[in-house]
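Here the sequence shown stands for residues 4 to 306, numbered as in our numbering.
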Amino acid sequence: MRWFENPDFNFLKGHKIGYYVSGILLVASIFGILTKGLQYGIDFKGGKEFVLEFEQPVDVIDIRSELSEPLDGTPVVKLFGSPEEVLIRTDNPKDISEVQSLITNAMSELYPDNSATVIKTDIVGARFADDLRRGALNAIIFALIVIFIYILIRFKDWTYSAGAVAALFHDVLIVVGVFTFLADLVPFSLQIDQSIIAAFLTIVGYSLNDTVVVFDRIRENKLLYKTMDHDEMVNRSLNDTLSRTVITSVTTFFVVTILFIFGGEVLKGFSFALMLGVIIGTYSSLFVASSTVVEIQRYKEKA
C-alpha cells in the first residue's frame, strides 16, 4: 500500500523552515530544563514505598487523589499483584512512621468498611537514587555512542553517523523539554522515572530505524544516479521513502494512542512520551538527520 504515488516534495526547501522549528524547540527545551529543572520520580530522587493489602478490591485513582493532600504531592499508586494489594510511593520528607500513619488514616476515611494492612515498607535512599540517575544517563549516552559506531561501520561515512546522532539527540531533548513544561499542567504524572527512561530509549530505537531507512535509500540512489547533484539525490531519496515513513508512523502512533487512552494511569507518562517520540522522530528523520548530512556534505565540498 502506498499513500504517496511518485511524490515530488521539495524537502530541502523545507529544511530551512526546519532549522527554525528545531532551533526554537531546542532552545525552549534547554531553557525549561535549566529554569524549572527535571521532574524526577521517586526512583531518581529517593522516597518511601508502602504496600497495603485491603480486604476488598480498591481503585488506585481514588487512592492517589485521596493521598495527594496529606502527602503534600501526588504519590505513585499501582496495583501490586492483585486488586486488593496496592503499592504506594511518595517523596514526602517526613519520618517513615509518620508517612505510614498519614496513609493509613487517609485509607480509613476513604474506605471505612474496607480495612487496610501495611504488609511492606521500604526506603529508596538518596545514594541509590543517584546511582539509578547516573545509570540512566550513562545508558542514553552509551546508546548514542554505539549508534554512532554502528552507522559509521554500516555506511562507512561519519557524515551519516553525525546525522543520525544529531536527530536522536534532537528527539530526546525535545521530549524531555515538553515533559518539563507540562509536568504541572497535565492531569497525569510526567515525572522522569525508570519507565520514562525506557520510553526515551524506545524513541531512540524508533527514530534510528526511520533514519536508517532514509540513509539506505540515499546510499542506493548515490550508486544509481552518480551524476545527480547531491542535494537533489537526497531530496529524491526522501520522497522515495516518504510512503513507508508515513504509514509506519501513523500505525505506530495509533497503537501508542490506544495505550495512552486504555493503558491505565501508570502507563500514561510512558505512552505520552512514545506519542511525542513518534511525531518528533518522523519529523527528525525527514528534516534533521538528512539536513545534517546535506550541510556536512556542502561543507566538505567547499573545503
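For glycine and all other residues, C-beta sits at the position ideal for the given N, C-alpha and C.
Grab me the residues of THR285's own chain with a C-beta within less than 7 Å of its C-beta, minus the 5 sequence neighbours each way, in chain order.
Translated into the one-based positions of the sequence shown, residue 285 becomes position 282. Closer than 7 Å at Cβ, skipping near neighbours: ASP213, THR248 and SER252.
My understanding is that GLY50 touches THR77, with C-beta atoms under 8 Å, so please give their C-beta distance in whole angstroms.
Here the question's residue 50 lines up with position 47 in the sequence shown. Here the question's residue 77 lines up with position 74 in the sequence shown. Actually they are not in contact, since the Cβ atoms of GLY50 and THR77 sit about 12 Å apart, beyond 8 Å.
What's the call for PHE265, buried or exposed, on a 16-neighbour Cβ count within 10 Å?
As a position in the sequence shown, residue 265 is number 262, starting the count at 1. That one is exposed.
Suppose only complete runs of 4+ residues qualify. What are the alpha helix (DSSP H) ranges in the segment 158-197, listed by chain order?
161-185
Go to ASP11, then tell me how far its beta strand (DSSP E) extends in each direction, as first and last residue.
Here the question's residue 11 lines up with position 8 in the sequence shown. No beta strand (DSSP E) holds ASP11; DSSP gives it neither H nor E.
Given a threshold of 16 other Cβ atoms within 10 Å of its Cβ, counted over all protein chains shown, does PHE34 qualify as buried or as exposed?
Within the sequence shown, numbered from 1, the residue matching residue 34 stands at position 31. Exposed, because fewer than 16 other Cβ atoms sit within 10 Å of the Cβ of PHE34.
Hey, quick one: how far does the alpha helix (DSSP H) through GLU88 stretch, first residue to last?
What you label residue 88 is simply residue 85 of the sequence shown in a count that begins at 1. No alpha helix (DSSP H) holds GLU88; the beta strand (DSSP E) holding it covers 88-93.
Hey, how far is the Cα of SER258 from the Cα of GLU304?
What you label residue 258 is simply residue 255 of the sequence shown in a count that begins at 1. What you label residue 304 is simply residue 301 of the sequence shown in a count that begins at 1. The identity of residue 258 in the sequence shown is Val, whereas the question assumes Ser. Rounded to whole angstroms, VAL258 to GLU304 spans 43 Å at the Cα level.
Indicate whether LEU176 and ALA186 have their beta-carbon atoms separated by less than 8 Å.
The residue you call residue 176 lines up with position 173 of the sequence shown. The residue you call residue 186 lines up with position 183 of the sequence shown. Taking 8 Å as the Cβ cut-off, LEU176 and ALA186 do not qualify as a contacting pair.
Output yes or no for whether 8 Å exceeds the beta carbon distance between SER210 and SER287.
Along the sequence shown, one-based indexing puts residue 210 at 207. Along the sequence shown, one-based indexing puts residue 287 at 284. Against a cut-off of 8 Å, the Cβ pair of SER287 and SER210 comes out as a contact.
Tell me the rounded alpha-carbon separation between ASP196 and LEU28.
Numbered from 1 along the sequence shown, position 193 holds the residue referred to as residue 196. Numbered from 1 along the sequence shown, position 25 holds the residue referred to as residue 28. Cα-Cα distance, rounded: 23 Å.
Between the Cα of VAL61 and those of GLU235, TYR114 and THR162, spot the shortest distance and give me the residue it belongs to.
The sequence position of residue 61 within the sequence shown is 58, counting from 1. Of the candidates GLU235, TYR114 and THR162, the one whose C-alpha sits nearest the C-alpha of VAL61 is TYR114.
Only counting the same chain, and skipping five residues up and downstream in sequence, which positions put a Cβ closer than 6 Å to that of TYR302?
Taking the first residue of the sequence shown as 1, we reach residue 302 at position 299. Contacts found: none.
Looking only at DSSP bridge pairs, what is VAL54 linked to?
As a working note, residue 54 is residue 51 in the sequence shown. DSSP, once it has assigned bridges, lists LEU90 and LYS123 as partnering VAL54.
Start and end of the beta strand (DSSP E) containing VAL80?
Along the sequence shown, one-based indexing puts residue 80 at 77. Segment 79-82, the beta strand (DSSP E) holding VAL80.
Count the other CB atoms within 10 Å of the CB of ILE20; is the residue buried (16 or more) or exposed (fewer)?
As a first step, residue 20 is located in the sequence shown; it is residue number 17 there, counting from the start. Exposed: under 16 other Cβ atoms inside 10 Å.
Are the Cβ atoms of GLU223 and VAL127 separated by less than 8 Å?
Along the sequence shown, read from residue 1 onward, the residue named residue 223 stands at position 220. Along the sequence shown, read from residue 1 onward, the residue named residue 127 stands at position 124. Contact: no.
At the level of alpha carbons, what is the spacing between HIS18 and VAL291?
For the purposes of this step, residue 18 is taken as the residue at position 15 of the sequence shown. For the purposes of this step, residue 291 is taken as the residue at position 288 of the sequence shown. Roughly 8 Å separates the two Cα atoms.
Which residues in the same chain have their Cβ closer than 6 Å to the Cβ of ALA202, if we skip the five residues on either side of it in sequence?
As a position in the sequence shown, residue 202 is number 199, starting the count at 1. Excluding residues within five positions, the ones whose Cβ falls inside 6 Å are PHE273, ALA276 and LEU277.
Can you have a look at VAL297 and say buried or exposed, based on whether 16 or more other CB atoms are within 10 angstroms of its CB?
On the sequence shown, position 294 is the one that residue 297 refers to. With 16 or more Cβ atoms within 10 Å of its Cβ, VAL297 is classed as buried.
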